[in-house]
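Residue numbers (my numbering), protein chains in the order written: chain A, 253 to 563; chain B, 2 to 323.
As structure tokens, then:
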């Protein structure tokens, strides 16, 4: 074992943090985390695991029951991370910001008072020195789908697909419930389906626990992104520049060409035929639809269909 | 057996913790913690106090100082020295164990992407990503803007083809997009808001940069952070407020209220009647169309006309796209 004192402390900080935050970490996993062998880590942990000495007057100072290494080689936290309890230094700025974002988000999700989190965030706020607003919605069906996920039970629901007029009854087995991009999703498999799908929780109507039991896959990652490129629909249009801010979100604007009379020419892209129809009727009436060739007719037809409701 | 430096420093931390309600002197530390004066080589007086101004005393004092420095730098544990009493006392922790536990729980549930945390053993660094339920993506410009807010330093960037300077006041998220609100120093500090993904570095720089001196501005008292990040056109629109009644298919009523707010004032079997105040007519009309025939404006006649006339004009359009 030939690690410097600094490296030794770095290893201890990393491993003990993981043990506190996960409650238990296999020695082998901890060793891989810090890039040393199991036996070496065991030796490096000795000063913490067996910290015990007598003062001159015989009083015992001991921290040997704070962290334990079980017979099955699992590191567990038993009596608290005493070293972290003594830490007077604030987290580094990036850490503080990440914790502040996580904590602020957690506050918005909480259904009960969170006095400890509130106090922690007040302390961190001085460190972060920013005001953050991070709203995360809690759809009505969230509690039901989270319970279903945790209990490994199906959930029955009426699901209103994006752009659909009427909901459909479904029963799905939730493999994972998560929030990303400001929306809550369930990744799950319909009881009569072959392929898993992502379902937006805010589009679920009347969700209830079902009777089908299941074991979710061991690893079900939160996706980095949804590939919607196959559904991209682009229109080229000349329109009033000041109307761009009123276009329905989400959309992507291409480079604009100033036509000099308060209008601009540009490409606007949305994803899916229904969003495309929606975009077309949201353009100012005096806009000129330049491409694709069928877009103008499509726009007129969709406007006529909507107009029927006002006959 | 002489302890290793790591052991000695950890013993020192444990000793200070054990005596956190006492005040401990250099003499007591070096007497009780192994590794400082094991051979009892340093001269002590009849009360077992180190005799000052001896080479041994100085060597021991420096060793303890080095270890205290390591404790401070490696673990953030700070033992303050009181000049009057010549005692050491632990500084108060930055967070209580319960506060830290609350933040760890938050870090376990909320995965924050886009911030590079490079601090071994930092709070939240050990959580298992597999337990995350919420992912929050932090835009890359946030850290620079955060620094600007913190130090009250203006930032410069390019936005829609123009170089801009902003005195940043706050950061916020609306519908998944990050925004910054701040004052425009070139227009008497008037409030401006920018979407972060539409900001670019000015020419010759690779990221947003601060400009000018720190402490260059104060955040005005009238600044309301909640209003600053409410981008709903119905909140800030400049059209005369118009009370509108909309008939919405029951299955779409929840989504409609999520989108617009408003109040459900009546229900029949298949429909809900929703009333709301509209302050941005064009935006209201456009968002209404997302519900197609499932949301139809009933009153007042002026708003019905706005919707109907727009659709009629498009439906009567020409083959050439006009």
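Where is the CB? At the ideal position from N, CA and C, for every residue including glycine.
- Straight through space, the alpha carbons of residue 124 of chain B and residue 343 of chain A are spaced by roughly 8 Å.
- Nearest CB-CB separation between residue 534 of chain A and chain B: below the 7 Å threshold.
- No Cβ of chain B is located within less than 7 Å of the beta carbon of residue 528 of chain A.
- With contact defined as three or more Cβ pairs closer than 8 Å, the segment 95-104 of chain B and the segment 366-375 of chain A are in contact.
- Going by DSSP, residue 164 of chain B is part of the beta strand (DSSP E) stretching over 163-175.
- 7 Å or more divides the Cβ of residue 96 of chain B from the Cβ of residue 21 of chain B.
- Separation of residue 485 of chain A and residue 326 of chain A (C-alpha to C-alpha, rounded to the nearest whole angstrom) is 54 Å.
- Remark: C-beta atoms of residue 142 of chain B and residue 51 of chain B do not approach each other more closely than 7 Å.
- Scanning its chain for C-beta atoms nearer than 7 Å, with the 5 sequence neighbours on each side dropped, one finds around residue 554 of chain A the residues 529, 532 and 533, in chain order.
- If you ignore the 5 residues before and after residue 464 of chain A, its C-beta comes within less than 8 Å of the C-beta of 405, 406, 423, 425 and 443, all in its own chain and listed in chain order.
- DSSP places residue 282 of chain B in the helix class (H, G or I) of the three-state scheme.
- For the 7 Å CB-CB criterion, residue 129 of chain B and residue 552 of chain A do not form a contact.
- The C-beta separation of residue 185 of chain B from residue 193 of chain B comes to about 5 Å, placing the pair in contact by the 8 Å criterion.
- Residue state for residue 519 of chain A is assigned as strand, using DSSP reduced to three classes.
- Within the segment 473-487 of chain A, those residues whose Cβ lies closer than 7 Å to any Cβ of chain B are, in chain order, 474.
- Residues of chain A with a Cβ closer than 7 Å to the Cβ of residue 16 of chain B are, in chain order, 313.
- Not one beta carbon of chain B lies nearer than 7 Å to the beta carbon of residue 427 of chain A.
- Per DSSP, the unbroken beta strand (DSSP E) holding residue 465 of chain A starts and ends at 456-465.
- Sorting B:294, B:24 and B:75 by C-alpha distance to the C-alpha of residue 85 of chain B places B:24 at the top.
- Less than 7 Å separates the beta-carbon of residue 80 of chain B from that of residue 17 of chain B.
- Chain A places no beta carbon closer than 7 Å to that of residue 219 of chain B, leaving this residue out of the contacts.
- Annotation: residue 516 of chain A has no Cβ neighbours in chain B at a cutoff of 9 Å; minimum Cβ distance is about 11 Å.
- Taken in chain order, the whole alpha helix (DSSP H) runs of length 4 or more contained in the segment 14-61 of chain B are 27-33.
- If you draw a straight line from the Cα of residue 262 of chain A to the Cα of residue 306 of chain A, it comes to about 27 Å.
- Closest by C-alpha distance to residue 279 of chain B, out of B:252, B:163 and B:261, is B:261.
- Legend: CB atoms of the segment 117-134 of chain B lying less than 8 Å from CB atoms of chain A belong to residues 117, 118, 119, 120, 121, 122, 123, 124, 125, 126, 127, 128, 129, 131, 133 and 134.
- If you compare the alpha carbons of A:470, A:334, A:524 and A:477 with that of residue 431 of chain A, the shortest gap goes to A:477.
- The C-beta distance from residue 339 of chain A to residue 78 of chain B rounds to 6 Å, short enough to fall under 8 Å.
- Counting the other CB atoms within 10 Å of its CB gives residue 315 of chain A a total of 16 or more, which places it among the buried residues.
- In the structure shown, residue 486 of chain A adopts extended strand secondary structure according to DSSP, grouped into three states.
- Per the coordinates, the alpha-carbon of residue 294 of chain A lies some 30 Å from the alpha-carbon of residue 32 of chain B.
- If you look at residue 447 of chain A, you'll find it isn't in any beta strand (DSSP E); DSSP assigns it neither H nor E.
- For residue 319 of chain A, the nearest beta carbon of chain B is not closer than 7 Å to its own beta carbon.
- For residue 528 of chain A, the enclosing alpha helix (DSSP H) stretches over residues 525-534.
- By the Cβ test, the segment 147-167 of chain B is not in contact with the segment 130-137 of chain B, since fewer than three Cβ pairs between them sit closer than 8 Å.
- Here residue 439 of chain A is bridged, per DSSP, to A:428 and A:450.
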